[in-house]
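Below you'll find the structure, written out as structure tokens, and then a few comments.
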């Protein structure tokens, strides 16, 4: 997929084209015991398929035969893809991924043994769904959460999570920096819900997607989701640029202002539903850094609303169209 998230595989690599596509036949199929869904996009490297599953297992499967090389049991469901680092004459391979409880893993790609496991955040609802992005010696991990669902509890103090990115040393797992898309820590707003539970803000703006790396500008970009409580923060439903080295927020472009929502809004008694009540239009997919035929780079963004727009990476995310 690459640093800039182009999300395409040319026919010269896949071997599939419009001539032979209709002649393709099933070579093998693989079932995941204990799982009813598969959200982890497979990663193929040197004849091995790496993928995660609902029950927390990560599989290394032979591309040619479908046979299992090894299975690793993570602590929770693995929804992210596996990032691969291969180096040295011996072909040393390290795999990186995150799980649904916010743990980050580095595995030996040959044996499947853990090299290190770290927690990305101490919030009880933190989760990792976007694939960690490896760039040089740093692993960039997006932070999302399940708090949008936890808020359905009318006695839950909504809300305290903030989306963000954490950067880890790829070899040791030591954290290099961590920053949030919402700069201010949540605090009491002075409001309570109908159960007299205090409302906290700002909150939300989870990062569901894999970061996009812009090496030339020294930045990474992520898209964010809705706020969880009122008032909706300016970094919700936005594209946020972070400094690759320091984690400093460099700029924010908000696609939609005033979007605050959580699962309470769907209940008959929406006690924790923010006054905005949606529309829950996350920027859920990764942004794409694209160089056009005129040589100009544009940051392409898709939103849950169905809108697509382009930002200028040389003008702090100014809207182009």
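In UniProt numbering, the protein residues as written are 1 to 321.
Heads up, the beta-carbon is just placed ideally off N, CA and C, and yes, glycines get one too.
DSSP beta-bridge partners of residue i
i	result
residue 291	297
residue 266	Its beta-bridge partners do not exist; DSSP assigns none.
residue 93	86
residue 71	59
residue 191	The partner list for residue 191 (beta bridge, DSSP) is empty, contrary to what the question assumes.
residue 168	139, 175
residue 204	162, 227
residue 144	127
residue 260	227, 278
residue 222	240
Under 8 Å between C-beta atoms of residue i and residue j
i	j	result
residue 322	residue 163	Residue coverage of the chain in this structure runs from 1 to 321, which leaves residue 322 outside it and unanswerable.
residue 52	residue 63	no
residue 142	residue 97	no
residue 260	residue 229	yes
residue 283	residue 237	yes
residue 169	residue 197	no
residue 218	residue 167	no
residue 291	residue 311	no
residue 210	residue 200	no
residue 205	residue 182	yes
residue 56	residue 76	yes
residue 80	residue 134	no
residue 258	residue 276	yes
residue 109	residue 94	yes
residue 239	residue 301	yes
residue 61	residue 78	no
residue 20	residue 158	no
residue 31	residue 54	no
residue 193	residue 231	no
residue 116	residue 173	yes
residue 208	residue 144	yes
Beta strand (DSSP E) segment containing residue i, residue limits
i	result
residue 117	114-119
residue 149	That residue, residue 149, is in no beta strand (DSSP E); its alpha helix (DSSP H) goes 147-150.
residue 198	198-201
residue 107	103-108
residue 155	Run containing residue 155: none; DSSP gives neither H nor E here.
residue 23	Premise fails: residue 23 is in no beta strand (DSSP E) and is neither H nor E.
residue 242	238-243
residue 45	43-45
residue 251	249-254
Local conformation of residue i per DSSP, three classes
i	result
residue 127	strand
residue 308	strand
residue 12	helix
residue 227	strand
residue 216	coil
residue 51	strand
residue 29	coil
residue 138	strand
residue 319	strand
residue 302	strand
residue 64	coil
residue 98	strand
residue 183	coil
residue 38	coil
Proximity test, residue i beta-carbon vs the ligand ATP heavy atom, cut-off 7 Å
i	result
residue 180	Questions concerning the ligand ATP fall outside what the structure shown contains, since it holds no ligand whatsoever.
Residue-level contact to chain C via CB, residue i, 8 Å cutoff
i	result
residue 197	The structure shown contains no chain C, having only a single protein chain.
Examine the Cβ distances between the segment 89-107 and the segment 121-129 and report whether three or more of them are shorter than 8 Å. yes
Three or more C-beta pairs closer than 8 Å, one from the segment 214-233 and one from the segment 156-173: is that the case here? yes
Under 8 Å: do the segment 236-252 and the segment 306-317 share three or more Cβ pairs, one atom per stretch? As far as the Cβ criterion goes, the segment 236-252 touches the segment 306-317, which means the pair count is three or higher.
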